[in-house]
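Some notes on the structure that comes next.
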Amino acid sequence: MIKVLIADNNIDLCLMLKEHLSQEPGIAVVGMAHRGDAALELTRRQKPDVLLLDIVMPHLDGLSVLERLHQVGPPKPPAVLVITVISHEDILKRCTAMGARYVLLKPFDLQVLVRRIKQFSTPDDPFVPYAAKENGNAAAEVQKEVALAHLMHQLGVPPHLKGYKYLKEAVLLVQRQEYLLTESLSKSLYPGIAAKFGSTASGVEGAIRHAVAATWRQGNRRFLQELLSPGGSGDGDRRPETADRFPCPTNAVLIRRLAAELRKQRESRF
Numbered sequence: 005m006i007k008v009l010i011a012d013n014n015i016d017l018c019l020m021l022k023e024h025l026s027q028e029p030g031i032a033v034v035g036m037a038h039r040g041d042a043a044l045e046l047t048r049r050q051k052p053d054v055l056l057l058d059i060v061m062p063h064l065d066g067l068s069v070l071e072r073l074h075q076v077g078p079p080k081p082p083a084v085l086v087i088t089v090i091s092h093e094d095i096l097k098r099c100t101a102m103g104a105r106y107v108l109l110k111p112f113d114l115q116v117l118v119r120r121i122k123q124f125s126t127p128d129d130p131f132v133p134y135a136a137k138e139n140g141n142a143a144a145e146v147q148k149e150v151a152l153a154h155l156m157h158q159l160g161v162p163p164h165l166k167g168y169k170y171l172k173e174a175v176l177l178v179q180r181q182e183y184l185l186t187e188s189l190s191k192s193l194y195p196g197i198a199a200k201f202g203s204t205a206s207g208v209e210g211a212i213r214h215a216v217a218a219t220w221r222q223g224n225r226r227f228l229q230e231l232l233s234p235g236g237s238g239d240g241d242r243r244p245e246t247a248d249r250f251p252c253p254t255n256a257v258l259i260r261r262l263a264a265e266l267r268k269q270r271e272s273r274f
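Using our numbering, the first residue of the sequence shown is number 5, and each one after it goes up by one.
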């Protein structure tokens with residue numbers, strides 16, 4: 005029997021994975037954790053064969069969990085399969101360098117997940133040596149993307165929408181090149197994103213607009229309102245008088261505010 009521990013801050017996803025995996029012969033879900041510190045504690049207690057680990061979690065993120073498993077984990081640490089919406093190459097390389105056996109990008113096929121659980125649940129040592137010192141710029145980019153993914157999760161941006169990855173890429177680009185927001189997005193920002201993902205500028209714009217609208221309708225309205233209000237991040241584009249009248253932000257407004265919030269968080273750490 006393959007013992008699986010699920011560590012993800014999305015409770016609904018954990019429940020769905022537990023329900024699906026529990027129906028698979030030879031697989032038993034021995035626990036669920038929604039915080040990094042809880043994932044470590046459950047790993048020590050339950051001694052799972054496989055740990056499904058998200059990167060974005062409160063208290064300890066997935067990278068910190070990997071690091072601590074490597075340093076003070078159980079004698080036979082689990083095979084770690086990272087499940088994440090973050091596609092930044094530096095982060096994925098860092099995960100595997102720190103001992104992750106495999107990385108699955110959300111959304112993923114559940115049958116692929118089952119196959120990987122069975123494939124990597126062998127008793128081989130799942131950890132490989134990794135260098136403690138990393139390139140400073142690369143590490144900063146990794147932390148920036150992790151922080152952005154956490155912000156987007158707080159907002160409730162649906163990660164299964166195509167516009168999620170476009171919005172994330174747009175914010176990261178604006179972080180590096182602020183001038184992109186001073187020009188027409190259809191001429192400056194969207195074409196670069198489209199080229200990276202094999203889309204069109206209009207396709208990128210529409211997908212981001214759809215993701216923003218979905219967040220406005222179904223996401224964390226209070227957090228979104230705080231982000232867009234004067235005193236929040238950015239320069240105060242609009243302040244709704246009531247939540248019921250809260251207007252849906254434009255692509256440019258949300259991109260600028262997310263970039264400003266990331267910048268504020270980074271500056272507060274120094």
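We treat Cβ as the ideally placed atom computed from N, Cα and C, and that holds for glycine. On a predicted model such as this, the values are computed, not experimentally measured, just so you know.
Among the options, the one whose alpha carbon lies nearest that of residue i
{"i": "I212", "options": "A199, Y194, Q222", "result": "Y194"}
{"i": "D113", "options": "I87, A217, A104, G40", "result": "I87"}
{"i": "R261", "options": "V216, T47, S192", "result": "V216"}
{"i": "I6", "options": "R119, V89, A104, E209", "result": "R119"}
{"i": "L96", "options": "F124, L67, L73, H74", "result": "L67"}
{"i": "H92", "options": "L176, L184, M36, V33", "result": "L176"}
{"i": "L109", "options": "L232, C252, K166", "result": "K166"}
{"i": "E271", "options": "A151, V34, M20", "result": "A151"}
For residue j and residue i, the rounded distance between their alpha carbons
{"i": "S26", "j": "A264", "result": "43 Å"}
{"i": "V116", "j": "I259", "result": "33 Å"}
{"i": "M102", "j": "E71", "result": "7 Å"}
{"i": "Y168", "j": "E230", "result": "20 Å"}
{"i": "K22", "j": "D41", "result": "20 Å"}
{"i": "E28", "j": "R49", "result": "23 Å"}
{"i": "K122", "j": "E149", "result": "30 Å"}
{"i": "R221", "j": "T204", "result": "26 Å"}
{"i": "I59", "j": "S188", "result": "34 Å"}
{"i": "M156", "j": "G223", "result": "10 Å"}
{"i": "S190", "j": "C99", "result": "34 Å"}
{"i": "S206", "j": "A199", "result": "12 Å"}
{"i": "F124", "j": "V208", "result": "36 Å"}
{"i": "H24", "j": "T47", "result": "21 Å"}
{"i": "Q75", "j": "V8", "result": "21 Å"}
{"i": "L3", "j": "D94", "result": "With the chain covering 5 to 274 only, the question about residue 3 has no answer from this structure."}
{"i": "G210", "j": "M36", "result": "36 Å"}
{"i": "S233", "j": "Q269", "result": "17 Å"}
{"i": "S181", "j": "V69", "result": "Note that residue 181 is Gln in the sequence shown here, rather than Ser. Cα-Cα distance, rounded: 32 Å."}
{"i": "N141", "j": "C252", "result": "Bear in mind that the predicted position of N141 carries a pLDDT of just 49, short of 50, making it too unreliable to give a figure here."}
Beta-carbon proximity list for residue i, same chain, < 8 Å, skipping 5 on both sides
{"i": "R39", "result": "N13, M61, P62, H63, L64"}
{"i": "Q179", "result": "K148, A263, L266, R267"}
Proximity test, residue i beta-carbon vs the ligand FMN heavy atom, cut-off 7 Å
{"i": "R270", "result": "Among the components modelled here there is no ligand, and therefore nothing to report on the ligand FMN."}
Whole-Å CB distance - residue i paired with residue j, under 8 Å assumed
{"i": "V54", "j": "A83", "result": "5 Å"}
{"i": "L56", "j": "L85", "result": "5 Å"}
{"i": "F201", "j": "R225", "result": "The pair is not a contact, with the Cβ atoms about 29 Å apart (cut-off 8 Å)."}
{"i": "I31", "j": "C18", "result": "15 Å between Cβ atoms; not a contact."}
{"i": "V161", "j": "T219", "result": "5 Å"}
Sequence-distant residues of its chain with Cβ nearer than 6 Å to residue i (five each side left out)
{"i": "L228", "result": "L159"}
{"i": "H164", "result": "P111"}
{"i": "A104", "result": "V84, V86"}
{"i": "L171", "result": "I212, A215"}
{"i": "T254", "result": "none"}
{"i": "I90", "result": "I59, E149, A153"}
{"i": "L73", "result": "P81"}
Beta-carbon contacts of residue i that lie in its chain and below 7 Å, excluding the five residues immediately before and after
{"i": "I15", "result": "H38"}
{"i": "A174", "result": "L193, I197, I212, I259"}
{"i": "M1", "result": "Any property of residue 1 remains undetermined from this structure, which presents the chain solely from 5 to 274."}
{"i": "V33", "result": "V8, I10, K22, L25, S26"}
### Query
Which runs of the alpha helix (DSSP H), 4 residues or longer, sit entirely within the stretch 32 to 115?
Runs of the alpha helix (DSSP H) spanning 4 or more residues and lying entirely within the stretch 32 to 115 occur at 40 to 50, 66 to 76, 93 to 101, in chain order.
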